[in-house]
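Participant: Can you keep this structure in mind? I'll have questions shortly.
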Amino acid sequence: MSDIQWVYGLKPESITVEWRNRIRQLFLSETNEIYADSSLLSLGIPEWDGNLMLIDRDKYPEPSSLKGIFWCKPFMSESIRIVAFVIDKKFQSKGFGGSAWSTMQKSMKEKGVKYVQLEVRCSNTKAQEFYRRRGMEIISRIDMYYKNEHGYMMKGEL
Ligand SMILES: CC(C)(COP(=O)(O)OP(=O)(O)OC[C@H]1O[C@@H](n2cnc3c(N)ncnc32)[C@H](O)[C@@H]1OP(=O)(O)O)[C@@H](O)C(=O)NCCC(=O)NCCS
Numbered sequence: 300m301s302d303i304q305w306v307y308g309l310k311p312e313s314i315t316v317e318w319r320n321r322i323r324q325l326f327l328s329e330t331n332e333i334y335a336d337s338s339l340l341s342l343g344i345p346e347w348d349g350n351l352m353l354i355d356r357d358k359y360p361e362p363s364s365l366k367g368i369f370w371c372k373p374f375m376s377e378s379i380r381i382v383a384f385v386i387d388k389k390f391q392s393k394g395f396g397g398s399a400w401s402t403m404q405k406s407m408k409e410k411g412v413k414y415v416q417l418e419v420r421c422s423n424t425k426a427q428e429f430y431r432r433r434g435m436e437i438i439s440r441i442d443m444y445y446k447n448e449h450g451y452m453m454k455g456e457l
């Protein structure tokens with residue numbers, strides 16, 4: 300049995316290139332999105348309750364121990380924006396996404412954050428359902444937000 304748990308993440312610019320490569324590999328395999336290393340470095344993800352990494356403790360500190368990323372950024376005065384949320388396919392639909400969400404929600408509410416928003420592919424109905432069940436709704440469509448596809452902006456109260 301693996302020992303998988305969410306831990307606080309470092310800023311992308313504070314981790315090694317091998318770990319950033321593992322993050323880019325996760326984005327590619329689970330979302331089909333190609334991120335350059337320089338894009339990760341310029342995302343501006345702080346070290347805070349909105350920066351979580353899902354780790355297989357039996358494999359740590361190998362980069363392959365990374366099984367998921369949950370990255371949020373402060374956005375305007377009372378909101379956060381989810382910039383990346385991805386879990387290795389083998390560990391999806393086991394409650395890990397929901398537990399990252401609950402951890403983030405509790406601590407953001409304590410900080411006075413009121414709203415959360417994000418962008419999601421129009422075709423990604425599984426993720427849209429996940430967010431809908433957490434009180435978010437589609438507020439607009441963003442034409443060609445992704446290289447080959449439209450996106451939805453979703454917003455909700457925390
Ligand atoms: C979207 C994503 C982050 C959600 O994370 P997840 O870990 O799969 O989500 P969860 O397992 O917590 O919840 C999904 C559903 O799985 C089921 N589930 C939850 N716990 C479970 C368990 N212990 N056993 C079996 N099924 C379970 C539930 O039906 C749950 O629905 P809920 O929303 O009512 O809780 C993840 O599926 C993912 O990485 N997808 C690919 C990348 C992606 O689309 N990212 C979003 C981009 S905007």
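When we follow this note's numbering, the leftmost residue of the sequence shown carries the number 300, and every step to the right adds one.
Built from N, CA and C at the ideal position, the CB exists for glycine as well.
Look at the alpha carbon of S406 and the alpha carbon of D348, and state the distance between them as a whole number of angstroms.
Facilitator: 7 Å
Participant: With DSSP as the reference, label I354 as helix, strand or coil.
Facilitator: Strand, per DSSP.
Participant: Would you kindly work out how many angstroms separate the C-alpha atoms of E418 and V412, rounded to a whole number?
Facilitator: About 19 Å.
Participant: Measuring from the CB of R323, is there a heavy atom of ligand 1 at a distance below 8 Å?
Facilitator: Using a cutoff of 8 Å, the CB of R323 does not count as near ligand 1, since none of the ligand's heavy atoms is closer than that.
Participant: Among the candidates K408, E448, R440 and Y444, whose CA atom is the shortest distance from the CA of D457?
Facilitator: Before going on, a small fix: residue 457 reads as Leu here, not Asp. When each option's Cα is compared against that of L457, the closest is K408.
Participant: Identify, in the order they occur along the chain, each residue of the same chain with its Cβ nearer than 6 Å to the Cβ of A426, setting aside the five sequence neighbours on each side.
Facilitator: V419
Participant: Could you tell me whether the region 349-360 touches the region 428-442, where touching means 3 or more Cβ pairs closer than 8 Å?
Facilitator: no
Participant: Ligand 1 and S392: does the residue's C-beta get closer than 8 Å to at least one heavy atom of that ligand?
Facilitator: For ligand 1, at least one heavy atom lies less than 8 Å from the Cβ of S392.
Participant: What three-state label does DSSP hand I438 in the structure shown?
Facilitator: strand
Participant: Could you tell me how far apart the beta carbons of Y414 and I437 are, in whole angstroms, since I believe they sit closer than 8 Å?
Facilitator: Y414 to I437, Cβ: 15 Å. No contact.
Participant: Check the Cβ-Cβ distances between T424 and every residue of chain D, and say whether any is below 9 Å.
Facilitator: Reference to chain D is not applicable here, since this structure consists of a single protein chain.
Participant: So is A335 buried or exposed if we call it buried at 16+ other beta carbons inside 10 Å?
Facilitator: exposed
Participant: Alpha carbon to alpha carbon, what distance is there between D387 and P311?
Facilitator: 19 Å
Participant: Apply the 10 Å Cβ neighbour rule to M435 and answer buried if 16 or more other Cβ atoms are within range, or exposed otherwise.
Facilitator: buried
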